[in-house]
Each structure stands twice: as C-alpha cells, then as structure tokens.
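Peer 1: This structure is in structure tokens; I'll ask about it shortly.
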Amino acid sequence: MNYLLLVLVIFVLLFALRKVSMIKYSKRQSALKDVQQNAKSLLWGVLVVSAIISIPYQVWVLTGKSHYFDAVYIIGGTALLTIALSFIYYYKNAVKFN
C-alpha cells in the first residue's frame with residue numbers, strides 16, 4: 014500500500030508541476046484574469062508542496078521508520094532530491110510551454 018501511495022504522490026507532483034508550468038502570465042489583462050491565474054497557481058502550488066512533503070515521509074516509512082540519526086539522512090536526502098528534480102522538471106516544462 015505504501016508503494017502505491019508513493020507512486021501516486023509522485024504522479025500528482027509531476028501533474029501539478031506541469032499544470033503550474035502551463036499557466037501563462039501576461040502583463041496586460043484585466044484584474045479578474047489575474048485573480049483567476051493566481052488562484053490556479055495557488056491551488057496547484059498547494060498540491061506541489063503537499064507532494065514534496067509527503068514523498069520523503071513515504072520513503073521513510075518504506076525504509077523501516079527508523080528513529081535514529083539515519084532517518085535524518087533518509088528524509089533529508091529524499092527531500093533534497095525531490096526538490097531538485099521538481100525544479101528541473103518545472104524548468105523543462107516551462108521552457109517547452111512558454
């Protein structure tokens with residue numbers, strides 16, 4: 014079950030990052046369109062942040078829920094890797110869609 018949840022969270026992260034990168038911001042629009050774009054960004058951003066938080070937790074659970082210092086390495090390394098890969102994926106999609 015934890016493997017399935019980890020895979021699901023990874024796909025949610027990738028999907029949300031793709032949606033955020035597809036939002037086009039322009040300088041000459043009405044206030045209503047600006048509010049709509051910001052609301053979309055905020056909602057997708059909540060999914061991105063929750064996925065970035067839950068991926069290291071799921072990896073920690075899958076590695077045995079250690080309560081010692083090695084858990085810091087597991088959670089920290091997974092968090093850094095997740096954040097770095099998220100930035101790379103977002104940048105590549107932003108270049109492609111904009």
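Numbering-wise (the working numbering), the sequence shown opens with residue 14 and increments by one.
Don't be surprised by glycine CBs; every beta carbon is placed ideally from N, CA and C.
Predicted model, so just to flag it, every value in this text is computed and none were measured.
So what's Asp37 in DSSP terms, helix, strand or just coil?
Peer 2: Taking the sequence shown and counting its residues from 1, the one referred to as residue 37 is at position 24. Correcting the residue type first, residue 37 is Lys in the shown sequence and not Asp. In this structure, Lys37 counts as coil in the three-state DSSP scheme.
Peer 1: Check for me: the alpha helix (DSSP H) holding Phe110 runs from which residue to which?
Peer 2: Counted from its first residue, the sequence shown places residue 110 at position 97. Asp83 to Phe110 is the extent of the alpha helix (DSSP H) around Phe110.
Peer 1: Identify, in the order they occur along the chain, each residue of the same chain with its Cβ nearer than 6 Å to the Cβ of Tyr103, setting aside the five sequence neighbours on each side.
Peer 2: Taking the sequence shown and counting its residues from 1, one reaches residue 103 at position 90. Answer for Tyr103: Leu30 and Ser34, listed in chain order.
Peer 1: Look at the Cβ atom of Gln71, then the Cβ atom of Val22, and state whether they are nearer than 8 Å.
Peer 2: Taking the sequence shown and counting its residues from 1, the one referred to as residue 71 is at position 58. Taking the sequence shown and counting its residues from 1, the one referred to as residue 22 is at position 9. Contact flag set, yes.
Peer 1: With distances taken between CB atoms, is the gap from Ile68 to Thr91 smaller than 8 Å?
Peer 2: By one-based count along the sequence shown, residue 68 stands at place 55. By one-based count along the sequence shown, residue 91 stands at place 78. Taking 8 Å as the Cβ cut-off, Ile68 and Thr91 qualify as a contacting pair.
Peer 1: For Gly58, report the span of its alpha helix (DSSP H) as first-last.
Peer 2: Counting from one through the sequence shown, the residue named residue 58 turns up at place 45. First-last of the alpha helix (DSSP H) with Gly58: Ala44 to Leu75.
Peer 1: Is DSSP giving Lys32 helix, strand or coil here?
Peer 2: On the sequence shown, position 19 is the one that residue 32 refers to. Lys32 falls in the helix class under three-state DSSP.
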